[in-house]
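Residue numbers for the sequence shown follow this note's numbering, so the first one is 1446 and each next one is one higher. Don't be surprised by glycine CBs; every beta carbon is placed ideally from N, CA and C. What follows is a set of notes on a single structure, which appears directly below.
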Amino acid sequence: MAPALEAVAFGTKVDIASSGGTAAYIVDNLQPVPRDAQIVPAKGAMYAVDVTIAAKSGTPSYNGFYLVARAADGSNIAPAVGAVRPGITSGQLAQDQQVAGHVAYDVPPGQTITAIQFRDPKGTVLAVWSAG
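Structure (structure tokens):
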């Protein structure tokens, strides 16, 4: 088993390499989403983070589904892609291009988000942003 990644604070830039290239990711500003701003109504409480992705080299791919929330009880909360606008969906960035938007999470009652994890398509955690 690989050693656990050390979490960084929200707002910290993390470079993540993929087969297509390297991109800098910033995850910040975990906040509740008001009901009137939800495109898909939450079953629990909707929270979102601001995500900025900037291509540093090559043509890296991005996908909102790579950003998974970690709950206080250790469970994972999948992103509710498309639940808020502007959302991070998926695509590729050419070098020096960037995209910014939100990734939302429908947090079950009684749960809180303690971290956001970046997972590659195989499920390997490559970065963790923590609420501290």
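Does the beta-carbon of residue i have 16 or more other beta-carbons within 10 angstroms, so that it is buried, or is it exposed?
i	result
R1515	buried
I1498	buried
D1551	buried
M1446	Confidence in M1446 is poor, its pLDDT being 47 and thus under 50, which makes the residue's placement too unreliable to answer from.
G1509	buried
Write down the C-beta distance between residue i and residue j rounded to the nearest angstrom, noting that I regard them as a contact closer than 8 Å.
i	j	result
A1576	F1455	7 Å
Q1540	A1500	5 Å
G1536	S1502	Actually they do not touch by this definition, with Cβ atoms about 17 Å apart.
V1570	L1450	6 Å
Could you check whether the Cβ of residue i sits closer than 6 Å to any heavy atom belonging to the ligand FAD?
i	result
V1513	No copy of the ligand FAD occurs in the structure displayed, which carries no ligand at all.
So the candidates are the options; which of them puts its Cα closest to the Cα of residue i?
i	options	result
G1568	T1457, A1482, V1513, D1495	V1513
P1452	G1489, T1559, P1566	Per the sequence shown, residue 1452 should be read as Ala rather than Pro. Checking every option, the nearest Cα to that of A1452 belongs to T1559.
G1532	I1484, S1464, Y1470	I1484
A1553	R1564, Q1542, I1522	It is worth fixing the name first, because residue 1553 is Pro in this sequence and not Ala. Cα-wise, what sits closest to P1553 is I1522.
A1490	D1518, G1555, V1544, Y1507	G1555
T1534	D1495, T1457, A1517	D1495
D1518	R1530, T1557, A1468	T1557
Give me the Cα-Cα distance between residue i and residue j, rounded to the nearest whole angstrom.
i	j	result
V1478	Y1492	5 Å
G1527	G1546	11 Å
P1566	Y1511	7 Å
D1473	R1564	17 Å
K1488	A1525	11 Å
S1463	Y1470	12 Å
I1461	A1468	6 Å
3 or more residues per run - each beta strand (DSSP E) lying fully within the segment 1510-1560: 1512-1516, 1535-1537, 1543-1552
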